[in-house]
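Here the protein sequences line up with chains A and B, keeping their order.
In this text, residue positions in the first sequence follow UniProt numbering: the first is 1, and each later residue adds one.
In this text, residue positions in the second sequence follow UniProt numbering: the first is 1, and each later residue adds one.
Only one structure is covered here, and it is reproduced in the block below.
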Amino acid sequence: MTKTTIPIHLDINGQHHELQLEPRVTLLDALRDRLAPTGTKKGCDHGQCGACTVHVDGERVLACLTLAAQAQGRAITTIEGLAREGELHPVQAAFLEQDAFQCGYCTSGQIMSAVACIREGHAGSDDEIREYMAGNLCRCGAYPHIVAAVRQAALEVAS
Amino acid sequence: MTVHTRHGDASDGVTAEAVGGRLSRVDGPAKITGAAKYAVEQQLEGLAYAVLLESTIASGKVRAIDTTAAEAAPGVLKVLTPDTIISLRTASDWFGTPPPDKPYCPLAHDITFSGQHVAAVVAETFEQAVAAAALVKVSYDETPAIVDLSDGKAGDGIPIDAMTKEWGDAQAAFASAPVRVCAAYNTPREYQAPMEPHGLIARWEGDQLTVWEPSQWLDGMARTYAEWFGVSFENVRLVSPYIGGGFGSKALALSHGAVAACAAKMLGRPVRLVMTRQQTFTGYGGRAATRQTVALGADRDGRIQSIVHRGVNETSMDGMWVEPLGSVTSIMYATPNFSSKQNVVRVNSVVPGAMRAPGENPSAFGIESAIDELAYEVGIDPLEIRLRNYAEQDPHAKKAWSTRQLREAFAAGAERFGWARRAPEPRSMRDGNQLIGWGVAAGTYPVRRAYGEAIVRILSDGSVEVESSSIDMGQGTYTILAQTAAETVGVPADTVVVKLGDSRFPRAGVTGGSRLAGVMTGAVYKAATSALDQLIGLAISDPRSPFHALQANTLVVANGRIASPRGDGPDLSIAELLASIGRDHIEATGDTMPANSTAQDRYKNYTTIAMSLPHTEGDYSRYSWCAHFIEVRVDEDFGTVRVSRVVSALDSGRLYNPKLAESQWKGGIIMGIGQALLEEGIVDRRHGRIVNNNLADYLVPTNADIPDIEVISVGIPDLHSSVLGGKGVGELAIVGVAPAIANAVFHATGKRVRDLPITLEKLI
């Protein structure tokens, strides 16, 4: 049988992982099924819902539309890598305080998008937050609280 | 009850941790750090991956399934077809009706809808299963399908006599009424679309089946799996620690679950099967498409003389779903004459299912649009006409309301919204090229009640543990049960650990119909009271207890410490007391079942819905109520509608945690905005497919679609509805949103849209 897997090195939350994967494995499935930090969620597998949002080299990326091989040699940050030494990221803390989620399934993606949204300088007003967070669906309908959380966290990050 | 004085954002004089306080979600830290493991995220040794194939025709037969290429593909373990999958027994329905004695096959030969599961491929990896599934060739003998309600072959359907409600002589009173309005209102297929797709991991160990599956009803689903496989109920364990949204869609074990459990049994390995997002649009039923006509006869002052209502909803060829369309019509307004009847029509669709406020939601779209039309017809303010027809008692059951703060909701909402500043004429308010419209509508949802049980343990370190097989899909069960146990026992909420989502725990009925909070706070309150009584009893009576010499009648527990109410004698932590009397823990089971209940009664209560208490039982009629005030802005040239302001006042009785209840209310309102403006399953007329079966084409609201939303609680404790005084929260708020928006659109544009969703082509 022909060899169907290739070695793939992934740098996830500062940890180096060596995997032997088929080239068609997405970053999302590599994370969830092979490496098992399952905080990154699969909602649609088609780049339509945003639940799988992670950071690659600091930019938000949909892990379901990214092959694991494409992320080789780049710094991947997932929801598990946001807190530093047990200290919640300001966005995480604001999500809890503002009750910016219910079922929690879109939350990892929302938080990863929110961190990037603030970093990109797109949290200047509520309308701007709504626009730049519009790629992350939340069927529980936590949107007004997500806006409040991003607004609060943006002020904290700035100060 | 004990009142704590710990930190927290106090509300209504209640600390955050007590029942009624604004405690943040106790499951929140796990969800914001990614630590919360959802059902299909369990890592199991030897896990195999299954992928489903669904029919591409809506009616006919599978002629042949060629699995040769798929079976030869790398990593493939098994290809399941109707001919090769093991045979199951038919399970009872959710009422517990004994099933017909015939085999059940979760993969179909005879096709009754597009998207029906016809085969499954199991492989070593997910990618291998997906690739091999593409190699399976299914051929069909196709027959003509009835694609939806508007299909010429659909017919008038089957009358559902149980839905008929009549009093007075509605037809005659309508015919002779001085003012008459009559119109047809339609709602399309809508989908729950929870962010977490349906799926499961099934594992057999001998004749023991463990299923990790997102579930709104562990005990009901365990019953179904047990009946399918002919094993005892105790042999099936359902595990569902977190649920990524349900909205009605995750209450029943469905055929994909049977396929996964069959595959696991046939392979002797645990199997994971997760539906694709596309498959979730046909793997279970969304809200049925509905048609209603509402005829209102009134006097010239707008007082209703008669309501004649006719409704139709679609169901599948081989299943029965009734969406009760006369539910709100028959109770919202006082009328001396009333008639409501309903038919269901069979179409080639998956059997529709429960979606947030099934029945009440489309029902309210009919009656709350119709009364708005009547308001314009007689020239009365839409809010005033609702007050003029206010039902002082349940017009159908002829019973007093347990509580009905709807008048208060209208008043509070109107005040906050500024309704008095509304210009009455349509097209009379504008901002540049945007037409502005203000609409109002009411909503309601019955208080569904059942029984529950729970265990409360006071552990040696003074912490408290609660166990229940109920679930938290975001409503806040973990949090309010922690608050209930904390307040009842007298310990800080952060020392309470609530364990849910395992069918081995004390049982709970379905999490649906907004009943769980009322049921489970009652059960936990009883169990916690019993545990506290035991603790105090031991402290007084055990010779080793430092309180023994005090000869007190009772003791108080507050903030995790136990002392005499007089302040004399010792003051110990619970841990110190338990150590002194040599107890490892104290445990109490509590349930709200009638005292003489048999084991059979209990099984029936927890695994079927047959024992739910009618909301009109006894002397009272029990409902939650709400009033929505909504502003829309309609672009005059393009017909695009934006919701720009929402103020809703809601009566859910006592709120166990206002912070979380407000979130659920807003979520319901947002789903209602989607229903009003975006959501519609579009049927391909040739093959009966849902063509927009994905999240890019079936539009749900995004953050950019939603303005700030203000919710106001006007409820008061309702002890006829639940042990602690709450009524339903989760379903209420969506009811009435769509008609409020349709009414606002009419006010903005002068165009009445009676066919959801209100898309731009209907306005230009």
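Cβ atoms here follow ideal geometry from the backbone N, Cα and C, with glycine treated the same way.
Member of the options whose CA lies at the smallest distance from the CA of residue i
{"i": "residue 16 (chain B)", "options": "B:659, B:744, B:359, B:108", "result": "B:659"}
{"i": "residue 666 (chain B)", "options": "A:63, A:41, A:144, A:159", "result": "A:144"}
{"i": "residue 173 (chain B)", "options": "B:76, B:337, B:267", "result": "B:337"}
{"i": "residue 316 (chain B)", "options": "B:597, B:157, B:262", "result": "B:157"}
{"i": "residue 750 (chain B)", "options": "B:471, B:632, B:37, B:605", "result": "B:632"}
{"i": "residue 548 (chain B)", "options": "B:540, B:303, B:143", "result": "B:540"}
{"i": "residue 585 (chain B)", "options": "B:460, B:169, B:185", "result": "B:460"}
{"i": "residue 58 (chain A)", "options": "A:122, A:154, A:128, A:116", "result": "A:116"}
{"i": "residue 96 (chain A)", "options": "A:25, A:48, A:26, A:153", "result": "A:153"}
{"i": "residue 148 (chain B)", "options": "B:187, B:131, B:175, B:167", "result": "B:187"}
{"i": "residue 133 (chain B)", "options": "B:528, B:54, B:116, B:82", "result": "B:54"}
{"i": "residue 426 (chain B)", "options": "B:60, B:85, B:748", "result": "B:748"}
{"i": "residue 512 (chain B)", "options": "B:251, B:221, B:278", "result": "B:251"}
{"i": "residue 711 (chain B)", "options": "B:381, B:233, B:412", "result": "B:412"}
Same chain, Cβ closer than 7 Å to residue i, five either side skipped, listed in chain order
{"i": "residue 357 (chain B)", "result": "445, 731, 734, 735"}
{"i": "residue 83 (chain A)", "result": "89, 92"}
{"i": "residue 506 (chain B)", "result": "453, 454, 455, 467, 468, 469, 589"}
{"i": "residue 377 (chain B)", "result": "179, 181"}
{"i": "residue 228 (chain B)", "result": "88, 89, 91, 104, 258"}
{"i": "residue 207 (chain B)", "result": "231, 235"}
{"i": "residue 60 (chain A)", "result": "53, 112, 113, 116"}
{"i": "residue 142 (chain A)", "result": "100, 101, 102"}
{"i": "residue 685 (chain B)", "result": "147"}
Sequence-distant residues of the same chain with beta carbon closer than 6 Å to residue i, five excluded per side
{"i": "residue 319 (chain B)", "result": "351"}
{"i": "residue 148 (chain A)", "result": "98"}
{"i": "residue 9 (chain B)", "result": "Because residue 9 (chain B) carries a pLDDT of 36, less than 50, the predicted location of this residue cannot be relied on, and the following value inherits that uncertainty. Excluding sequence neighbours, residue 9 (chain B) sits near 16, 22."}
{"i": "residue 124 (chain B)", "result": "75"}
{"i": "residue 577 (chain B)", "result": "539, 562"}
{"i": "residue 146 (chain B)", "result": "153, 154, 347, 348"}
Cβ-based neighbour list, residue i, same chain, cut-off 8 Å, excluding 5 preceding and 5 following
{"i": "residue 400 (chain B)", "result": "393, 394, 619, 620, 621"}
{"i": "residue 592 (chain B)", "result": "451, 452, 453, 519, 522, 523, 526, 723"}
{"i": "residue 333 (chain B)", "result": "304, 307, 367, 371, 386, 389, 390, 391, 395"}
{"i": "residue 151 (chain A)", "result": "123, 126, 129"}
{"i": "residue 582 (chain B)", "result": "544"}
{"i": "residue 342 (chain B)", "result": "159, 160, 163, 164, 310, 311, 312, 313, 322, 324, 325, 326"}
{"i": "residue 56 (chain B)", "result": "114, 138, 140, 687, 689"}
Rounded distance between the beta-carbons of residue j and residue i, thought under 8 Å
{"i": "residue 8 (chain A)", "j": "residue 69 (chain A)", "result": "6 Å"}
{"i": "residue 65 (chain B)", "j": "residue 119 (chain B)", "result": "6 Å"}
{"i": "residue 649 (chain B)", "j": "residue 409 (chain B)", "result": "4 Å"}
{"i": "residue 39 (chain B)", "j": "residue 260 (chain B)", "result": "Between residue 260 (chain B) and residue 39 (chain B) the Cβ distance is about 12 Å, and since that is not below 8 Å, they are no contact."}
{"i": "residue 602 (chain B)", "j": "residue 515 (chain B)", "result": "Wrong, their Cβ atoms sit about 17 Å apart, outside the cutoff."}
{"i": "residue 745 (chain B)", "j": "residue 641 (chain B)", "result": "6 Å"}
{"i": "residue 62 (chain B)", "j": "residue 140 (chain B)", "result": "6 Å"}
{"i": "residue 40 (chain A)", "j": "residue 28 (chain A)", "result": "6 Å"}
{"i": "residue 629 (chain B)", "j": "residue 440 (chain B)", "result": "5 Å"}
{"i": "residue 634 (chain B)", "j": "residue 417 (chain B)", "result": "About 18 Å separates the two Cβ atoms, so there is no contact after all."}
{"i": "residue 144 (chain B)", "j": "residue 59 (chain B)", "result": "7 Å"}
{"i": "residue 560 (chain B)", "j": "residue 498 (chain B)", "result": "Not quite, the Cβ-Cβ distance comes to about 17 Å (not below 8 Å), so this is no contact."}
{"i": "residue 107 (chain B)", "j": "residue 85 (chain B)", "result": "5 Å"}
{"i": "residue 715 (chain B)", "j": "residue 653 (chain B)", "result": "5 Å"}
*If you measure beta-carbon to beta-carbon, which residues of the UniProt domain "2Fe-2S ferredoxin-type" (6-82) of chain A are closer than 8 Å to chain B?*
22, 24, 25, 29, 32, 33, 36, 37, 38, 39, 40, 41, 42, 43, 44, 45, 46, 48, 49, 51, 78, 79, 80, 82
*Complete beta strand (DSSP E) runs within the segment 274-319 of chain B (minimum length 3 residues, chain order)*: 290-298, 304-315
*If you measure beta-carbon to beta-carbon, which residues of the segment 362-394 of chain B are closer than 9 Å to chain A?*
none
*In chain order, what residues of the segment 270-292 of chain B put their CB closer than 8 Å to some CB of chain A?*
274, 276, 277
*asked:* To be precise: take each residue of the segment 123-136 of chain B, compare its Cβ to all Cβ atoms of chain A, and keep it if any distance is under 7 Å. Which residues remain?
replied: 126, 127
*Could you give the uninterrupted runs of the alpha helix (DSSP H) lying entirely in the segment 356-430 of chain B, keeping only those of 4 residues or more?*
360-378, 382-388, 406-417
_Which complete beta strand (DSSP E) runs does the segment 437-513 of chain B hold, if anything under 3 residues is left out?_
453-459, 464-467, 496-499
*asked:* Any C-beta of chain A within less than 9 Å: which residues of the segment 173-186 of chain B qualify?
replied: none
_Which residues of the segment 114-145 of chain A have a Cβ closer than 8 Å to any Cβ of chain B? Give them in chain order._
126, 129, 130, 131, 133, 134, 135, 136, 137, 138, 139, 140, 141, 142, 143, 144, 145
*Can you list, in chain order, the stretches of the alpha helix (DSSP H) that have 4 or more residues and sit fully within the segment 581-653 of chain B?*
599-607
*Determine which residues of the segment 350-362 of chain B have a Cβ less than 9 Å from any Cβ of chain A, and write them out in chain order.*
none
_Secondary structure, alpha helix (DSSP H): runs of 4+ residues fully inside the segment 8-65 of chain B_ = 28-32
*Runs of alpha helix (DSSP H) wholly within the segment 71-154 of chain B (minimum 4 residues, chain order)*: 126-133
*Below 9 Å between beta carbons is the criterion; list the residues of the segment 238-258 of chain B that meet it against any residue of chain A, in chain order.*
242, 243, 244, 245, 246, 247
*Check each residue of the segment 473-504 of chain B: if its Cβ is closer than 9 Å to any Cβ of chain A, include it; give the result in chain order.*
473, 474, 475, 476
*Segments of 3+ residues assigned as beta strand (DSSP E) that fall wholly inside the UniProt domain "2Fe-2S ferredoxin-type" (6-82) of chain A*: 6-12, 15-21, 53-56, 59-62, 75-77
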